[in-house]
Amino acid sequence: MADFFSNRIDNYDNVHLNDWAEEYDHIADYFEYPLEAEKYDAALSFETLHHFKYSKKQKIYDKLFQTIKCGGYYIECDYVASCLDEEILCLEQYEFKRKENHIPDDVFVHIDIPLTLEHQIQLMKNAGFRNVHILYENKSTMIIKAEK
Numbered sequence: 006m007a008d009f010f011s012n013r014i015d016n017y018d019n020v021h022l023n024d025w026a027e028e029y030d031h032i033a034d035y036f037e038y039p040l041e042a043e044k045y046d047a048a049l050s051f052e053t054l055h056h057f058k059y060s061k062k063q064k065i066y067d068k069l070f071q072t073i074k075c076g077g078y079y080i081e082c083d084y085v086a087s088c089l090d091e092e093i094l095c096l097e098q099y100e101f102k103r104k105e106n107h108i109p110d111d112v113f114v115h116i117d118i119p120l121t122l123e124h125q126i127q128l129m130k131n132a133g134f135r136n137v138h139i140l141y142e143n144k145s146t147m148i149i150k151a152e153k
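Spelled out as structure tokens, the structure:
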């Protein structure tokens with residue numbers, strides 16, 4: 006499966022991306038790229054989804070669920086908020102920075118909004134994944150496996 010970094014990152018984070026430019030091709034937007042139904046045995050995400058709010062993250066999980074074959078799985082490595090207060094604080098900062106800088110909602114900005122593990126798992130289950138469990142944990146970094 007291709008590496009789906011958003012092209013819109015370039016608008017606000019050129020300095021950060023220049024370090025990665027030679028290593029990665031920015032192919033498509035998570036939300037716009039069409040994924041075929043039940044095409045893949047597995048999908049993997051590595052430290053990218055903590056930049057999206059609940060509703061957008063739910064859309065990604067919904068798309069991933071529909072593109073994974075029955076019996077397949079999704080693995081996500083990302084970091085999570087240590088508690089609800091941290092999750093709320095990060096979301097408030099995200100909203101504040103957007104408002105302060107007049108950044109429209111449809112433009113990607115490289116701001117972290119990690120969810121608590123409980124909220125992360127709930128979104129995966131909302132998409133239809135079952136048997137969601139932690140494969141690895143190191144402080145706030147988790148590797149989560151969700152089965153279809």
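For the sequence shown, the positions run 6 to 153 when the numbering used here is used.
Positions of the beta carbon are idealized from the N, C-alpha and C atoms, including for glycine.
Using 8 Å as the threshold, is the C-beta distance between Leu89 and Thr121 below it? yes
How many angstroms separate the CA atom of His4 from the CA atom of His56? Within the shown structure, residues of the chain are numbered from 6 to 153, placing residue 4 beyond reach of any answer.
Compute the Euclidean distance between the alpha carbons of Lys74 and Glu41, then round it to the nearest angstrom. 10 Å
Reduced DSSP category for Ile155 - H, G, I as helix; E, B as strand; rest coil: Given a span of 6 to 153 for the chain in the structure shown, any question on residue 155 remains unanswerable.
Taking the alpha carbon of Asp117 as the reference point, which residue from Leu128, Lys130 and Tyr99 has its own alpha carbon closest? In terms of Cα proximity to Asp117, the closest of Leu128, Lys130 and Tyr99 is Tyr99.
For the candidate residues Tyr59, Asp110, Lys44 and Ile149, whose alpha-carbon lies nearest to that of Glu92? Tyr59
Beta-carbon within less than 8 Å of Lys153's beta-carbon, same chain only, minus the 5 sequence neighbours each way: which residues are those? Phe70, Ile73, Lys74, Cys75, Gly76, Gly77, Tyr78, Tyr79, Gly133, Phe134 and Arg135
In the DSSP output, what is Arg135 paired with across the bridge? Glu152
Report yes if the C-beta distance between Pro154 and Tyr84 is below 8 Å; otherwise report no. The structure shown does not extend to residue 154, since the chain is modelled only from 6 to 153, so the question has no answer here.
Reduced DSSP category for Phe51 - H, G, I as helix; E, B as strand; rest coil: In this structure, Phe51 counts as strand in the three-state DSSP scheme.
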